[in-house]
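In what follows, a single structure is set out as structure tokens and then discussed.
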Amino acid sequence: MKDNDHILTLQETEELCRLYMECKLSVLEEKELQYILGMMPYSSPVIEEARESMRAEGILSLNTKARKKPERKWLRRAVGIAASVSVILMVSLFITNHSADSGEEEIIIAYEGGRRLSPEESEKAVEEAQRKAEALMAMAKEKEREEELKQEYFISLMSDKSYKK
52 MKDNDHILTL QETEELCRLY MECKLSVLEE KELQYILGMM PYSSPVIEEA
102 RESMRAEGIL SLNTKARKKP ERKWLRRAVG IAASVSVILM VSLFITNHSA
152 DSGEEEIIIA YEGGRRLSPE ESEKAVEEAQ RKAEALMAMA KEKEREEELK
202 QEYFISLMSD KSYKK
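The sequence shown begins at 52 in the working numbering and counts up one residue at a time.
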């Protein structure tokens with residue numbers, strides 16, 4: 052199992068699963084078996100029993116494929132929404148400034164649910180959208196800062212370990 056070039060056969064995998072079920076594997080070997088069970092398409096009663104046992108212990112996810120680095124879709128989505136709102140605001144500011152230069156009255160037109168809002172409702176809707184966009188950007192900045200602090204913390208832990216060696 053230590054040789055990375057060696058591909059385990061079904062029988063070898065079953066034997067490792069039996070040893071796991073008999074609690075005869077080290078922690079490192081259990082982790083390696085967990086990885087193998089997540090990667091190998093083998094299936095037999097012994098292998099499935101070991102997988103179920105690992106799932107019950109919480110060390111093997113229901114999705115037995117190896118996990119990639121967690122994606123931060125929510126962060127990308129939040130940044131995308133904030134960028135879209137800021138573009139809309141910039142265009143509306145440009146239009147507003149352009150109309151103010153021409154001496155015309157400022158008019159905000161907005162639609163909600165397919166119906167046109169009154170000028171007062173439109174103004175409230177735009178202001179609410181601006182508040183939401185600012186709150187979203189503040190949240191995104193805070194999450195980004197939290198991630199930076201975590202990275203700095205882990206880097207400091209790793210550098211402390213290297214000094215101790």
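Think of the CB as a built atom: it goes at the ideal place given N, C-alpha and C, for glycine as much as any other residue. This one's a predicted model, so the numbers in the text were calculated from it and none came from an experiment.
Presumed contact (8 Å Cβ cut-off) between residue i and residue j, rounded CB distance
i: A129; j: M190; result: 7 Å
i: V142; j: A180; result: Incorrect: roughly 13 Å between the Cβ atoms, too far for contact.
i: A31; j: V138; result: This structure cannot speak to residue 31, because the chain is shown only from 52 to 216.
Spatially closest choice to residue i from the options, by CA coordinates
i: G187; options: L126, P170, Y204; result: Looking at the sequence shown, residue 187 is not Gly but Leu. Nearest option by C-alpha distance: L126.
i: I146; options: I158, E199, E198, S137; result: I158
i: M72; options: E83, V136, S104; result: S104
i: E83; options: E197, L208, I58; result: I58
Distance CB(residue i)-CB(residue j) smaller than 8 Å
i: I87; j: T60; result: no
i: L79; j: L70; result: no
Spatial distance of residue i from residue j (CA atoms)
i: C74; j: Q202; result: 36 Å
i: E163; j: I132; result: 18 Å
i: E174; j: K183; result: 14 Å
i: E199; j: R123; result: 14 Å
i: E81; j: L67; result: 9 Å
i: E172; j: R102; result: 58 Å
i: A117; j: S169; result: In this prediction, A117 has a pLDDT of 44, which is less than 50 and means its spatial position is unreliable; what the coordinates show is noted afterwards. For A117 and S169, the distance between alpha carbons rounds to 54 Å.
i: Y93; j: R166; result: 58 Å
i: E185; j: P96; result: 55 Å
i: E195; j: F205; result: 15 Å
i: S207; j: E193; result: 21 Å
i: A134; j: L140; result: 10 Å
i: Q85; j: R106; result: 10 Å
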